[in-house]
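A.B. asks:
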Amino acid sequence: MSENTPKINTNAPAPPGFEGEGFFATNLNNLIGMARSLSLWPLPFATSCCGIEFMATMGPNYDLARFGGERMSFSPRQADVLMVCGTISKKLGPILKEIYTQMAEPKWVVAVGACASSGGIFDSYSVLQGIDRVIPVDVYVPGCPPRPEQILEGFMQIQALAESESLRRRDLPQYKELLESYNIN
């Protein structure tokens, strides 16, 4: 399990005027971050064996739903997290980029498995040597194929990113420069 999960102190004294049962004091950034992190809608983009391992995370043994990823979205316009599972050919790269650009902000990308992360064992002219050549990636999940526990860990890292991300980060010049480096407007 990752150590970057935020700890909530429930024994902290309430600010003056907000005391008693049922009160919770926080700021808007933290509240929206908590809501985002617990209601992520993944878009599975599975092309090979890593897709089967991702499907196992949805089953009762691993249950991705307990982490807030219950609703699989098969429309990029309704998805928050792009889960790229498997080998991506160079012909499929522009399609993956188009799917990424159709997603609304904020959006995150997980490269599941060795093939999505680095091309895996397929060092050939037709296989994209990592999806980070066409779209920015937030979390890499290693393995060939990775175990469902590893995929859950990657999803939990996306949750930590969603919870800690500032509401204004996507408007920063650094983020716009990153997208421009991928020719994404």
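Heads up: the sequence shown is residues 223 to 407, going by the numbering used here.
C-beta: ideal position from N, C-alpha, C; glycine also.
Predicted model only: the values in this text are computed from it and were never measured.
#1: Look at the alpha carbon of Arg288 and the alpha carbon of Leu374, and state the distance between them as a whole number of angstroms.
#2: Which term fits Phe296, buried or exposed, when burial requires 16 or more other beta carbons within 10 angstroms of its beta carbon?
#3: Exposed or buried, what is Tyr347 when buried is set at 16 or more other beta-carbons lying within 10 Å of its beta-carbon?
#4: Using CA coordinates, which residue listed in Pro266, Arg369, Cys271 and Val334 is at the minimum distance from Ile353?
#5: Straight-line CA distance for Gly255 to Gln300?
#6: DSSP three-state label for Met305, please.
#7: Please list the terminal residues of the continuous beta strand (DSSP E) segment that includes Leu265.
#8: Reducing DSSP to helix, strand and coil, say where Ser261 ends up.
#9: Per DSSP, what are the beta-bridge partners of Ala333 in this structure?
#10: Pick from Gly308, Asn233, Arg392 and Asp393: whose alpha carbon is nearest that of Val332?
#11: If distances are taken between C-alpha atoms only, which option among Ile406, Leu401, Arg391 and Ser386 comes closest to Asn411?
C.D. replies: Considering the structure as presented:
#1: 10 Å
#2: Phe296 should be labelled exposed.
#3: exposed
#4: Val334
#5: 18 Å
#6: strand
#7: Counting along the chain, the beta strand (DSSP E) containing Leu265 begins and ends at Pro264 to Ala268.
#8: coil
#9: Val306 and Tyr362
#10: Gly308
#11: Any property of residue 411 remains undetermined from this structure, which presents the chain solely from 223 to 407.
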